[in-house]
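Working notes, structure below.
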Amino acid sequence: MKNIALITNYNITEKLAAADAVAEAIGSRAEKIFVPEQYKERIFRARMHSSIYTYLPVSQIYDNADLAIVIGGDGSMLECTRLAAPAGVPVLGINMGRVGYMTELEMDELELLDKVFSGEYTLDTRSMLSVVIKSESGNVKFRAHALNEAVIANGAAARMVDIELYDGDELVTQYRADGLVIATPTGSTAYSLSAGGPIVDPKLSCLCVTPVCPHSLTARPLIFPDTAQLKIKNTCIREKVLHLTADGRATFDMYYGDSAYISRADITAKLLRVKDEGFCSKIRLKKLV
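Next up, the structure:
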């Protein structure tokens, strides 16, 4: 772990100071610390530049890093992981958010960074989703990866939509609901949980499908093996367009007849762990149960 990507929103004073503290804790044990070049001027203005910093475009950082350290909350973790996973770069989160369920450390635990450089860590491998939107004629309109979930909904207006769920070519059910959440086990503690879905141990290999406020007495969350090839078709005539959002970031429009094909991705996310803290401990400490 010689080349470290240090990722945060340097425009926020508290996070800028936190990044400086993390860089100081790392010290000379890293050969280079990569920082997104968009923040270079901000860091120099704050007089927090370090000689070990190397400024690169975000598109180049992960191809050169051995580890990404993210300072922020779960949203920051998701964004970083989405970019780091294709390059096989592990991610270590330091919590400065509200929940920080996916992060590993708090700011008062920086001494545990010693374990990163002494090799006293484990890599927690998490499955991701492959999301592809196709038109009714089969043309690919959008591709994305997601660590937590893909959400199909109406967008800003809280109106019910009509969608169909298929497992391969077999129709599973038709939903009239505010939306549908398709989550990984990692994402089962996020939006899926809020919508009434189950908490799933990340070691399980499955996909969780949870309707959001279904207009039905029988609609329940469904669990599929992660070998399933799910298809969600927009059959809503009343609304001009639905929206698919991957991990709360990448969003694309789904018009009538468009389908989202969702399956386990070929790439995985790697979360670096330095604590001896299991899944049950995490959900208990974060008060999810």
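Per our numbering, the very first residue in the sequence shown carries number -15; after that it's consecutive. All residues carry an ideal CB built from backbone N, CA and C; glycine is no exception.
Along the chain, where does the beta strand (DSSP E) containing residue i start, and where does it finish?
| i | result |
| --- | --- |
| Arg110 | 106 to 118 |
| Thr38 | 37 to 40 |
| Val19 | 16 to 20 |
| Arg248 | 243 to 257 |
| His129 | 124 to 130 |
| Asp92 | Run containing Asp92: none; DSSP gives neither H nor E here. |
| Val77 | Per the sequence shown, the amino acid found at residue 77 is Gly instead of Val. Counting along the chain, the beta strand (DSSP E) containing Gly77 begins and ends at 75 to 79. |
| Ala(-11) | -13 to -9 |
| Tyr150 | 145 to 151 |
Short check: CB of residue i to CB of residue j, under 7 Å?
| i | j | result |
| --- | --- | --- |
| Tyr39 | Lys24 | yes |
| Pro74 | Leu51 | yes |
| Ala69 | Ile251 | yes |
| Phe236 | Leu228 | yes |
| Ile246 | Val145 | no |
| Ala49 | Asn(-13) | yes |
| Asp231 | Leu62 | yes |
| Gly163 | Val135 | yes |
| Ala2 | Met91 | yes |
| Ile56 | Thr(-8) | Correcting the residue identity first, residue 56 is Gly in this sequence and not Ile. In this structure, Thr(-8) lies closer than 7 Å to Gly56 by Cβ. |
| Cys192 | Ala167 | yes |
| Leu53 | Leu76 | Residue identity check: residue 53 is Ile in the sequence provided, not Leu. Against a cut-off of 7 Å, the Cβ pair of Leu76 and Ile53 comes out as a contact. |
Just curious, the alpha helix (DSSP H) that residue i is in, first and last residue?
| i | result |
| --- | --- |
| Thr65 | 58 to 68 |
| Ala3 | -3 to 10 |
| Glu133 | That residue, Glu133, is in no alpha helix (DSSP H); its beta strand (DSSP E) goes 133 to 137. |
| Glu25 | 24 to 29 |
| Asp98 | 98 to 102 |
| Ser265 | 263 to 269 |
My understanding is that residue i touches residue j, with C-beta atoms under 8 Å, so please give their C-beta distance in whole angstroms.
| i | j | result |
| --- | --- | --- |
| Arg248 | Leu113 | 7 Å |
| Leu67 | Val100 | Not confirmed; about 20 Å, so no contact. |
| Thr194 | Glu148 | Between Glu148 and Thr194 the Cβ distance is about 16 Å, and since that is not below 8 Å, they are no contact. |
| Ala174 | Asn132 | 5 Å |
| Ile27 | Tyr(-6) | 6 Å |
Which value, in whole angstroms, describes the spacing of the CA atoms of residue i and residue j?
| i | j | result |
| --- | --- | --- |
| Gly241 | Asp260 | 48 Å |
| Tyr105 | Arg204 | 39 Å |
| Val83 | Ser121 | 42 Å |
| Gln44 | Leu(-10) | 13 Å |
| Ala14 | Leu97 | 12 Å |
| Pro169 | Leu256 | 17 Å |
| Thr65 | Pro20 | 15 Å |
| Val6 | Ile267 | 26 Å |
| Tyr37 | Asp108 | 28 Å |
| Ala9 | Gly181 | 40 Å |
| Asp153 | Leu214 | 9 Å |
| Leu0 | Ile78 | 13 Å |
| Ser178 | Ser35 | 45 Å |
| Ala212 | Ala161 | 23 Å |
| Cys197 | Met80 | 31 Å |
| Ala234 | Val165 | 15 Å |
| Phe126 | Ile117 | 5 Å |
| Leu269 | Asp58 | 15 Å |
| Ser243 | Lys254 | 29 Å |
| Arg29 | Gln22 | 13 Å |
| Ala137 | Leu201 | 20 Å |
| Ser119 | Tyr239 | 8 Å |
| Gly103 | Ser172 | 30 Å |
| Lys187 | Phe263 | 9 Å |
Within the stretch 161 to 240, note down every full beta strand (DSSP E) run reaching 3 residues or more, in order along the chain. Look at the stretch 161 to 240 and you find these whole runs of beta strand (DSSP E), each 3 residues long or longer: 163 to 167, 190 to 196, 206 to 209, 214 to 218, 225 to 230, 234 to 239.
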